[in-house]
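Input: a single structure, listed below in structure tokens.
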Amino acid sequence: PEIYENYFADAMMHEYGLDLTADPQPNFIPFPYVHGAAFGGGPNWHAIIATMNCGGFAALLFTFNATCSIIIVRKIEKSNISEASHRLHLALLRALIIQFSVPVVLCVIPFFLLIGLPITGLSFNLTGNVLGLMVSFFPVVDPICMILAYSK
């Protein structure tokens, strides 16, 4: 069967009345931060508070991970182990930090930007495409970062 080229644009026009081919492009907010006219307009506080709860929980987890990393480094520095074992422990900690940082930068931060930027009400056009593409880079970038970290 033939694949219809503009299926998504037609579906958005049919379901939501959004003409994605219009010039200028519509400022489409995919998250319901503002109630529609049928619901009285104004901010949708349930969606806003839910987004803030998720962001707060993620910030709490990042803080916990950073605190644990600092505690581990201090314990390693104070321990009476050989220099080779000390270097090995720090190398393993560096690997854990890299394994944690790459998904945060390429998956978590773009996701929160995709969810949070529509609150501003500004049009971001292709920003969503770029941020979505960043998520797909994670499986490639993660091993490259590990190889670069240990090639020295």
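In this text, residue positions in the sequence shown follow my numbering: the first is 124, and each later residue adds one. Heads up, the beta-carbon is just placed ideally off N, CA and C, and yes, glycines get one too. Note that this is a predicted model, so its numbers are computed, not measured.
To the nearest angstrom, how far is the alpha carbon of residue i from that of residue j?
{"i": "residue 141", "j": "residue 218", "result": "46 Å"}
{"i": "residue 165", "j": "residue 240", "result": "18 Å"}
{"i": "residue 135", "j": "residue 249", "result": "17 Å"}
{"i": "residue 195", "j": "residue 181", "result": "21 Å"}
{"i": "residue 258", "j": "residue 267", "result": "15 Å"}
{"i": "residue 270", "j": "residue 174", "result": "36 Å"}
{"i": "residue 243", "j": "residue 168", "result": "14 Å"}
{"i": "residue 211", "j": "residue 260", "result": "29 Å"}
{"i": "residue 276", "j": "residue 138", "result": "Residue 276 is absent from the structure shown; the chain starts at 124 and stops at 275."}
{"i": "residue 187", "j": "residue 238", "result": "23 Å"}
{"i": "residue 216", "j": "residue 197", "result": "12 Å"}
{"i": "residue 204", "j": "residue 272", "result": "24 Å"}
{"i": "residue 143", "j": "residue 247", "result": "14 Å"}
{"i": "residue 202", "j": "residue 255", "result": "44 Å"}
{"i": "residue 133", "j": "residue 172", "result": "33 Å"}
{"i": "residue 274", "j": "residue 176", "result": "40 Å"}
{"i": "residue 209", "j": "residue 192", "result": "15 Å"}
{"i": "residue 207", "j": "residue 262", "result": "31 Å"}
Out of the options, point me to the one whose CA is closest to residue i's CA.
{"i": "residue 184", "options": "227, 258 and 270", "result": "227"}
{"i": "residue 200", "options": "189, 213 and 188", "result": "213"}
{"i": "residue 231", "options": "178, 143 and 196", "result": "178"}
{"i": "residue 189", "options": "208, 209 and 223", "result": "223"}
{"i": "residue 252", "options": "236, 137, 216 and 266", "result": "236"}
{"i": "residue 265", "options": "221, 207 and 169", "result": "221"}
{"i": "residue 170", "options": "162, 163 and 158", "result": "158"}
Here's the rule: buried if 16 or more other CB atoms are within 10 angstroms of the residue's CB, otherwise exposed. What is residue i?
{"i": "residue 229", "result": "buried"}
{"i": "residue 233", "result": "buried"}
{"i": "residue 225", "result": "buried"}
Check your understanding: Enumerated in chain order, which unbroken segments of the alpha helix (DSSP H) with a length of 4 residues or greater are wholly contained in the stretch 149–219?
Key -> 168–201
Review point. Of all the alpha helix (DSSP H) runs that stay within the bounds of the stretch 216–260, which reach a length of 4 or more residues?
Key: 232–239
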